[in-house]
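J.: In our numbering, the protein residues as written are -2 to 112.
A virtual CB, placed ideally from N, CA and C, is assigned to each residue, including glycine.
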Amino acid sequence: MGLIKKFKAKFLDNCCSTCGCRMLERRRQLYMLPMSVGNYISHKEADYYREQLQKVNRKADIPTGIYACGAVEYQCSECGRRAVQLQIFLPVRDQEKYEDTVWFFNGELDNFLWQ
Ligand SMILES: [Zn+2]
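What follows is the structure, given as structure tokens:
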């Protein structure tokens, strides 16, 4: 593995941290994260999200003032390693006010989006 690949793997969100190859989007799912506006607490533990996230079909299904979480599962095109990105935002009218992005690179949320 060359230096350039290592550099990419370290700094680009969409590159595999094992082999440096491109991570491709496999699945996307929207969730409600039951925390209300003004009471947001940042969490980094996969268990928290596994317990709290509630699947929704559309942003409109999330009550006003409650956070949303867009989850994306990526998979490396070369080695098959997976990563899950959670983007936490507050839907405000037709805008999305981004609060936090959390990544799980070590399999913590593999398969979660498919449940
Ligand atoms: Zn890889």
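#1: Anything with a beta carbon under 6 Å from a heavy atom of ligand 1 counts; list them all in chain order.
#2: DSSP beta-bridge partners for Y28?
#3: Can you check whether the CB of E105 is closer than 7 Å to the CB of Y37?
#4: In its own chain, which residues sit with a C-beta less than 7 Å from the C-beta of Q167, not counting the 5 before and 5 after it?
T.: From the atom records:
#1: C13, T15, C16, C18, C73, E75, C76 and R78
#2: K52 and C66
#3: no
#4: Outside the shown range of the chain, which is -2 to 112, sits residue 167, and nothing can be said about it.
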